[in-house]
Structures are given as C-alpha cells and as structure tokens.
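**Q**
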Amino acid sequence: MPGVPPLIPSLLVIGAILMTLGGVAAARRPEDRKRGILMLVCAAVMLGNALLLGLPL
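In the working numbering, the protein residues as written are 1418 to 1474.
(1) Does the structure place the segment 1421-1438 close enough to the segment 1457-1474 that three or more beta carbon pairs sit under 8 Å?
(2) Along the chain, where does the alpha helix (DSSP H) containing P1426 start, and where does it finish?
(3) What is the DSSP secondary structure of V1462, reduced to helix, strand or coil?
(4) Output yes or no for whether 8 Å exceeds the beta carbon distance between G1444 and G1432.
(5) Out of D1449, L1435, P1447 and P1473, state which residue places its alpha-carbon closest to the alpha-carbon of A1461.
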C-alpha cells in the first residue's frame, strides 16, 4: 500500500485539536495540571506525526 490514506492525518489533526482543548481545560484546574500538560504534549506529538505523514516521499 503506497503512501498514507488521507484519512489518517485528518484524524490525527482532529484528535490533536480535541486533545489541546481538553489539555487547556485540565491545566487550568490545580488538581489536574500535570494531566493537562501531558495532554498538550500528546497533542504536539500527534500534530508532528500528521505533518510527517503529509510530507511527500
């Protein structure tokens, strides 16, 4: 299967957006600050993966 189907990067970007929104909401609460920061890091990794999948080979 050459290349990546366009659905995979699209789902990664949608997931990263949702993870960012949840991470910001969680980071605002003092008891969930660590979880919120980890969610933001996860969103950044997901966006990086989507960008790498979009690069032409």
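Using N, Cα and C, we set each Cβ at its ideal position, and we do this for glycine too.
**A** Result, derived from the coordinates:
(1) The segment 1457-1474 makes contact with the segment 1421-1438: 3 or more CB pairs, one atom from each, lie closer than 8 Å.
(2) For the purposes of this step, residue 1426 is taken as the residue at position 9 of the sequence shown. It spans L1424 to R1445 - the alpha helix (DSSP H) in which P1426 sits, taken as one unbroken run.
(3) Here the question's residue 1462 lines up with position 45 in the sequence shown. Secondary structure at V1462: helix, using DSSP grouped into helix, strand and coil.
(4) For the purposes of this step, residue 1444 is identified with residue 27 of the sequence shown, where counting begins at 1. For the purposes of this step, residue 1432 is identified with residue 15 of the sequence shown, where counting begins at 1. Note that residue 1444 is Ala in the sequence shown, not Gly. The Cβ-Cβ distance between A1444 and G1432 does not fall below 8 Å.
(5) Along the sequence shown, read from residue 1 onward, the residue named residue 1461 stands at position 44. For the residues D1449, L1435, P1447 and P1473, the minimum Cα distance to A1461 belongs to L1435.
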